[in-house]
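S.K.: Residue numbers (my numbering), protein chains in the order written: chain S, 34 to 292; chain E, 34 to 292. The structure that follows is given in the form of structure tokens.
There are 2 protein chains.
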Amino acid sequence: MTESPGKSRATPRSAVQLSPIDVPKASDVLVHDLRERILRGEFPEGTALPPERELVTQTRMSRTTVREALRILEVQGLVRIRAGRAGGAFVQRPGRDSVASSVSLLIRGRRIRLAAVLETREAIEPVCAQLAAANRTDDDIKALKAANAPIEDPNSSLAEFLQANVDWHVAVATATRNELIAAFMIALSQAIYSSTENESFIDAEVRRITARAHRSITEAIAKGDAVAAARRMTRHVHSYAAAVTEIESRTEIAVPDAG
Amino acid sequence: MTESPGKSRATPRSAVQLSPIDVPKASDVLVHDLRERILRGEFPEGTALPPERELVTQTRMSRTTVREALRILEVQGLVRIRAGRAGGAFVQRPGRDSVASSVSLLIRGRRIRLAAVLETREAIEPVCAQLAAANRTDDDIKALKAANAPIEDPNSSLAEFLQANVDWHVAVATATRNELIAAFMIALSQAIYSSTENESFIDAEVRRITARAHRSITEAIAKGDAVAAARRMTRHVHSYAAAVTEIESRTEIAVPDAG
DNA sequence: CTTTGAAAAGGGTCTTATCTTTGGACCGCT
DNA sequence: AGCGGTCCAAAGATAAGACCCTTTTCAAAG
Numbered sequence: 034m035t036e037s038p039g040k041s042r043a044t045p046r047s048a049v050q051l052s053p054i055d056v057p058k059a060s061d062v063l064v065h066d067l068r069e070r071i072l073r074g075e076f077p078e079g080t081a082l083p084p085e086r087e088l089v090t091q092t093r094m095s096r097t098t099v100r101e102a103l104r105i106l107e108v109q110g111l112v113r114i115r116a117g118r119a120g121g122a123f124v125q126r127p128g129r130d131s132v133a134s135s136v137s138l139l140i141r142g143r144r145i146r147l148a149a150v151l152e153t154r155e156a157i158e159p160v161c162a163q164l165a166a167a168n169r170t171d172d173d174i175k176a177l178k179a180a181n182a183p184i185e186d187p188n189s190s191l192a193e194f195l196q197a198n199v200d201w202h203v204a205v206a207t208a209t210r211n212e213l214i215a216a217f218m219i220a221l222s223q224a225i226y227s228s229t230e231n232e233s234f235i236d237a238e239v240r241r242i243t244a245r246a247h248r249s250i251t252e253a254i255a256k257g258d259a260v261a262a263a264r265r266m267t268r269h270v271h272s273y274a275a276a277v278t279e280i281e282s283r284t285e286i287a288v289p290d291a292g
Numbered sequence: 034m035t036e037s038p039g040k041s042r043a044t045p046r047s048a049v050q051l052s053p054i055d056v057p058k059a060s061d062v063l064v065h066d067l068r069e070r071i072l073r074g075e076f077p078e079g080t081a082l083p084p085e086r087e088l089v090t091q092t093r094m095s096r097t098t099v100r101e102a103l104r105i106l107e108v109q110g111l112v113r114i115r116a117g118r119a120g121g122a123f124v125q126r127p128g129r130d131s132v133a134s135s136v137s138l139l140i141r142g143r144r145i146r147l148a149a150v151l152e153t154r155e156a157i158e159p160v161c162a163q164l165a166a167a168n169r170t171d172d173d174i175k176a177l178k179a180a181n182a183p184i185e186d187p188n189s190s191l192a193e194f195l196q197a198n199v200d201w202h203v204a205v206a207t208a209t210r211n212e213l214i215a216a217f218m219i220a221l222s223q224a225i226y227s228s229t230e231n232e233s234f235i236d237a238e239v240r241r242i243t244a245r246a247h248r249s250i251t252e253a254i255a256k257g258d259a260v261a262a263a264r265r266m267t268r269h270v271h272s273y274a275a276a277v278t279e280i281e282s283r284t285e286i287a288v289p290d291a292g
């Protein structure tokens, strides 16, 4: 590009300067409006938004646009949409599930190794146990013990064992009384669950060890002994991670990936 | 309903039992198909999906349905859609951003207190620093130092300070070489940033202290001293949380919410 | 060589119509 | 009283087509 000497920028030809102006899509405007109002708490949970055709007349947008906006809100977990008579879009507050699903997408999409997931759990869950010991209610203790029952039972199936395992970890997370850290832990637990459900190394021995660890951690939480809870949880998740990592390193060599 | 004595349940009248059958929507089927193929890595990142009208003929679905599916994938961060010639849906692997935004929705929607967010950071970031010290590359150190420059500079604006603050924490997270824990930390940092941007307690003193803490943590990470990095980070985030909590408890009484 | 303007390829929006699902009301038989 | 059958109405789901708006490309005009 030959330019007049001394000038390194393109010729302006006019002094006025405008910054790029972003024109949002119609549906995004509606999404933004509704989302803000929902998050602001303007509509209590369960409130029905007006039916699509009604929103069309109110907003003077096309039905396509309105539907698109509602669909986006649905994916973001802010409304639940049901078909049929008395159906419609019902306001919902976003829950742990939406975090869990985006974490799941992250893990699958970026091929995050199970080792990294377990490392993350090792980072979070001990503190989780510590907070749980400090903040747990009696109901939390009940939930912990209930979740541990199928784990103690040597007759439960593998699926039951795994599910109960998740339940127990979720119960610990819930007992922290910190919804955010709980959401993280739940996302992790589910991710680990779905990566592990086909693992065969979970034999009777592993189950016995798991049951014992859970029991002792539950006790510490029940007693409000934060230090012991954290220490025991550290050991528990670390030994689990070590076991999985060891398996993984062996299978990685054996099966160099099919995809 | 007269029942035969000895039975306490409702009369079945038939032994057959069916579980609820879920009939997926057409667009969900398409979403599922595309999502699996994207996550499986069948299309490398940046691949253009066929244009909408083409997908219509291929799938024999209506354009509405196809568009709805694409929109869902876009919200989930799996494709990016651009208008205009050479536009279309381009495959994207989900990133930290989608986790961050769902966390942000969770926090806002469930009214999670800043204290809980800070508590979560206290749980995660020390381990983050520890992992960073163990795994950091030279580029990570460069990024850390670069991010800390505007913080050391007493002439930078508040906005610059806050942005640099986020950048530094993100750099620590990145240095862990664990994309999952990094995604969590980034989500937290952004959430804390947007809750803090209007806080006025960030005076010159706070900035000096922050700069010093960041510098010493950066050094520990650079030296690979995981223990020191974790310890210093613990102190850093804890003192910050304590300061904010103290402010929050005062303002909560002063301003009982405008609704 | 630059400017300008049209064409082309896409997504975005609107309209209208039809299909499907769901809840409820009524009705008639047993 | 209970139970199946029929019908209706409300609401979302899907379809088809027209048209609009953006962006890119490219060639003609200056």
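Glycine residues also receive a C-beta, built at the ideal position from the N, C-alpha and C atoms.
(1) Under the assumption that Arg-169 (chain S) contacts Ile-254 (chain S) (Cβ atoms under 8 Å), give the Cβ distance between them as a whole number of angstroms.
(2) To the nearest angstrom, report how far apart Ala-244 (chain E) and Ser-228 (chain E) are at their CA atoms.
(3) Measure the alpha-carbon distance for Val-124 (chain S) versus Val-89 (chain S) and round it to whole angstroms.
(4) Does DSSP classify Arg-265 (chain E) as helix, strand or coil?
(5) Check this for me: beta carbons of Gln-163 (chain E) and Ala-59 (chain E), under 9 Å apart or not?
(6) Relative to the alpha-carbon of Ala-206 (chain S), which residue among E:Ser-134, E:Ala-102 and E:Thr-153 has its alpha-carbon at the smallest distance?
(7) Taking C-beta pairs closer than 8 Å, name the residues in chain S that Glu-212 (chain E) reaches, listed in chain order.
(8) Following the continuous alpha helix (DSSP H) through Gly-142 (chain E), name the residue where it begins and the one where it ends.
(9) Going by the beta-carbon positions, is the gap between Leu-195 (chain E) and Ile-250 (chain E) smaller than 9 Å?
(10) Distance check for Val-160 (chain E) and Gly-257 (chain E), CA to CA, integer angstroms please.
(11) Consult DSSP for Ala-253 (chain S) and reduce its assignment to one of helix, strand or coil.
(12) Indicate whether Ile-157 (chain S) and Ile-105 (chain S) have their beta-carbon atoms separated by less than 9 Å.
(13) Would you kindly report the start and end of the unbroken beta strand (DSSP E) that includes Phe-217 (chain S)?
(14) Is there a Cβ from chain S that is less than 9 Å from the Cβ of Pro-127 (chain E)?
(15) Need the endpoints of the alpha helix (DSSP H) that Ala-167 (chain E) sits in, please.
(16) Given that Leu-63 (chain S) touches chain E, what residues does it touch there, using C-beta distances under 9 Å?
(17) Which residues in the same chain as Val-49 (chain E) place their Cβ atom closer than 8 Å to its Cβ, once the five residues preceding and following it in sequence are excluded?
(18) Answer yes or no: do Ala-167 (chain E) and Ala-259 (chain E) have a C-beta to C-beta separation smaller than 9 Å?
(19) Report the three-state DSSP secondary structure of Val-124 (chain S) (helix, strand or coil).
(20) Check whether the Cβ of Leu-111 (chain E) lies closer than 9 Å to any Cβ atom in chain S.
(21) Around the Cβ of Val-56 (chain E), are there at least 16 other Cβ atoms within 10 angstroms (buried) or fewer (exposed)?
(22) Going by DSSP, what residue range makes up the alpha helix (DSSP H) through Val-108 (chain S)?
(23) The beta strand (DSSP E) spanning Ser-113 (chain S) covers which residue range?
(24) Tell me the rounded alpha-carbon separation between Glu-281 (chain S) and Thr-284 (chain E).
(25) If we ignore side chains and look at the alpha-carbon of each, how far apart do Leu-151 (chain E) and Ser-190 (chain E) end up?
(26) Excluding the 5 residues preceding and the 5 following Glu-107 (chain E) in the sequence, name in chain order all residues of the same chain whose CB lies nearer than 6 Å to its CB.
(27) Taking 9 Å as the threshold (C-beta atoms), are Gly-110 (chain S) and Asp-130 (chain S) in contact?
(28) Alpha carbon to alpha carbon, how far is Leu-72 (chain E) from Gly-292 (chain S)? Give it in angstroms, no decimals.
(29) Just checking: is the beta-carbon of Arg-86 (chain E) within a distance shorter than 9 Å of some beta-carbon in chain S?
(30) How about Ser-222 (chain S) and Ile-242 (chain S): do their beta carbons lie closer than 9 Å?
(31) Quick check: the Cα distance between Glu-75 (chain S) and Arg-141 (chain E), rounded to an integer number of angstroms?
(32) Taking Cβ to Cβ, would you say Ala-246 (chain S) is nearer than 9 Å to Arg-264 (chain S)?
(33) Given that Ile-105 (chain S) touches chain E, what residues does it touch there, using C-beta distances under 7 Å?
(34) Just the Cα atoms here: how many angstroms apart are Trp-201 (chain S) and Val-99 (chain E)?
(35) Under a Cβ-count criterion, where at least 16 other Cβ atoms within 10 Å of its own Cβ denotes burial, should Ser-52 (chain S) be classed as buried or exposed?
(36) Under a CB-based cut-off of 9 Å, is Gly-117 (chain E) close to chain S?
M.R.: Judging by the given coordinates:
(1) In the first sequence, residue 169 (chain S) corresponds to position 136, counting from 1. In the first sequence, residue 254 (chain S) corresponds to position 221, counting from 1. Going by Cβ atoms, the distance from Arg-169 (chain S) to Ile-254 (chain S) rounds to 6 Å, so yes, they are a contact pair.
(2) Within the second sequence, numbered from 1, the residue matching residue 244 (chain E) stands at position 211. Within the second sequence, numbered from 1, the residue matching residue 228 (chain E) stands at position 195. The alpha-carbon atoms of Ala-244 (chain E) and Ser-228 (chain E) are separated by roughly 20 Å.
(3) For the purposes of this step, residue 124 (chain S) is taken as the residue at position 91 of the first sequence. For the purposes of this step, residue 89 (chain S) is taken as the residue at position 56 of the first sequence. Cα-Cα distance, rounded: 18 Å.
(4) Residue mapping note: residue 265 (chain E) aligns to position 232 of the second sequence, counting from 1. Here Arg-265 (chain E) sits in helix by DSSP.
(5) Reading the second sequence from its first residue, position 130 is the one you call residue 163 (chain E). Reading the second sequence from its first residue, position 26 is the one you call residue 59 (chain E). Their beta carbons are not under 9 Å apart, which means Gln-163 (chain E) does not touch Ala-59 (chain E) by this criterion.
(6) To locate residue 206 (chain S), count along the first sequence from 1; it is residue 173. Per the Cα distances, E:Thr-153.
(7) On the second sequence, position 179 is the one that residue 212 (chain E) refers to. The answer, in chain order, is Leu-139, Arg-143, Ile-145 and Ala-149.
(8) Walking along the second sequence from the start, residue 142 (chain E) turns up at place 109. Note, Gly-142 (chain E): alpha helix (DSSP H), 129–142.
(9) Along the second sequence, one-based indexing puts residue 195 (chain E) at 162. Along the second sequence, one-based indexing puts residue 250 (chain E) at 217. No, the Cβ-Cβ distance between Leu-195 (chain E) and Ile-250 (chain E) is not below 9 Å.
(10) Numbered from 1 along the second sequence, position 224 holds the residue referred to as residue 257 (chain E). Numbered from 1 along the second sequence, position 127 holds the residue referred to as residue 160 (chain E). So the alpha carbons of these two residues sit roughly 13 Å apart.
(11) Translated into positions along the first sequence, residue 253 (chain S) becomes position 220. DSSP places Ala-253 (chain S) in helix when its eight states are reduced to three.
(12) In the first sequence, the residue the question calls residue 157 (chain S) occupies position 124. In the first sequence, the residue the question calls residue 105 (chain S) occupies position 72. Taking 9 Å as the Cβ cut-off, Ile-157 (chain S) and Ile-105 (chain S) do not qualify as a contacting pair.
(13) Position 184 of the first sequence, counted from the first residue, corresponds to residue 217 (chain S). No beta strand (DSSP E) holds Phe-217 (chain S); the alpha helix (DSSP H) holding it covers 212–229.
(14) Residue mapping note: residue 127 (chain E) aligns to position 94 of the second sequence, counting from 1. Interface residue, yes.
(15) For the purposes of this step, residue 167 (chain E) is taken as the residue at position 134 of the second sequence. Looking at the DSSP string, the run of the alpha helix (DSSP H) that includes Ala-167 (chain E) is 147–168.
(16) Counting from one through the first sequence, the residue named residue 63 (chain S) turns up at place 30. By Cβ distance, chain E contributes nothing, its closest Cβ being about 13 Å from Leu-63 (chain S), past 9 Å.
(17) The sequence position of residue 49 (chain E) within the second sequence is 16, counting from 1. None.
(18) Against the second sequence, residue 167 (chain E) aligns to sequence position 134. Against the second sequence, residue 259 (chain E) aligns to sequence position 226. Cβ distance < 9 Å, so Ala-167 (chain E) and Ala-259 (chain E) count as in contact.
(19) Locating residue 124 (chain S) in the first sequence gives position 91, counting from the first residue. It is a strand residue.
(20) The residue you call residue 111 (chain E) lines up with position 78 of the second sequence. So yes, Leu-111 (chain E) belongs to the interface.
(21) Here residue 56 (chain E) is taken as the residue at index 23 of the second sequence, counted from 1. It counts as exposed.
(22) Walking along the first sequence from the start, residue 108 (chain S) turns up at place 75. Start and end: 96–108.
(23) For the purposes of this step, residue 113 (chain S) is taken as residue 80 along the first sequence, with counting starting at 1. Inspection of the sequence shows that residue 113 (chain S) is occupied by Arg rather than by Ser. Run containing Arg-113 (chain S): 112–115, per the beta strand (DSSP E) assignment.
(24) What you label residue 281 (chain S) is simply residue 248 of the first sequence in a count that begins at 1. What you label residue 284 (chain E) is simply residue 251 of the second sequence in a count that begins at 1. Cα to Cα, the separation comes out at about 51 Å.
(25) Position 118 of the second sequence, counting from 1, holds the residue named residue 151 (chain E). Position 157 of the second sequence, counting from 1, holds the residue named residue 190 (chain E). Whole-angstrom Cα-Cα distance: 24 Å.
(26) Locating residue 107 (chain E) in the second sequence gives position 74, counting from the first residue. Closer than 6 Å at Cβ, skipping near neighbours: Ile-114.
(27) Counting from one through the first sequence, the residue named residue 130 (chain S) turns up at place 97. Counting from one through the first sequence, the residue named residue 110 (chain S) turns up at place 77. Cβ atoms of Asp-130 (chain S) and Gly-110 (chain S): closer than 9 Å.
(28) Here the question's residue 292 (chain S) lines up with position 259 in the first sequence. Here the question's residue 72 (chain E) lines up with position 39 in the second sequence. At Gly-292 (chain S), the pLDDT of 31 sits below 50, so the modelled position is not reliable; the number obtained from the coordinates is stated separately. Distance between the alpha carbons of Gly-292 (chain S) and Leu-72 (chain E) is about 11 Å.
(29) If you number the second sequence from 1, residue 86 (chain E) lands on position 53. Not an interface residue.
(30) Looking up residue 222 (chain S) in the first sequence gives position 189. Looking up residue 242 (chain S) in the first sequence gives position 209. Not in contact: Ser-222 (chain S) and Ile-242 (chain S) (Cβ atoms no closer than 9 Å).
(31) As a position in the first sequence, residue 75 (chain S) is number 42, starting the count at 1. As a position in the second sequence, residue 141 (chain E) is number 108, starting the count at 1. If I take the Cα positions, the gap works out to 13 Å.
(32) Along the first sequence, one-based indexing puts residue 246 (chain S) at 213. Along the first sequence, one-based indexing puts residue 264 (chain S) at 231. Not a contact, by the Cβ cut-off of 9 Å.
(33) Taking the first residue of the first sequence as position 1, residue 105 (chain S) is located at position 72. Residues of chain E passing the Cβ test: Arg-104 and Val-108.
(34) As a working note, residue 201 (chain S) is residue 168 in the first sequence. As a working note, residue 99 (chain E) is residue 66 in the second sequence. If you take the alpha carbons of Trp-201 (chain S) and Val-99 (chain E), they lie about 41 Å apart.
(35) For the purposes of this step, residue 52 (chain S) is taken as residue 19 along the first sequence, with counting starting at 1. Exposed is the call here.
(36) By 1-based counting over the second sequence, the position of residue 117 (chain E) is 84. Chain S contact via Cβ: absent.
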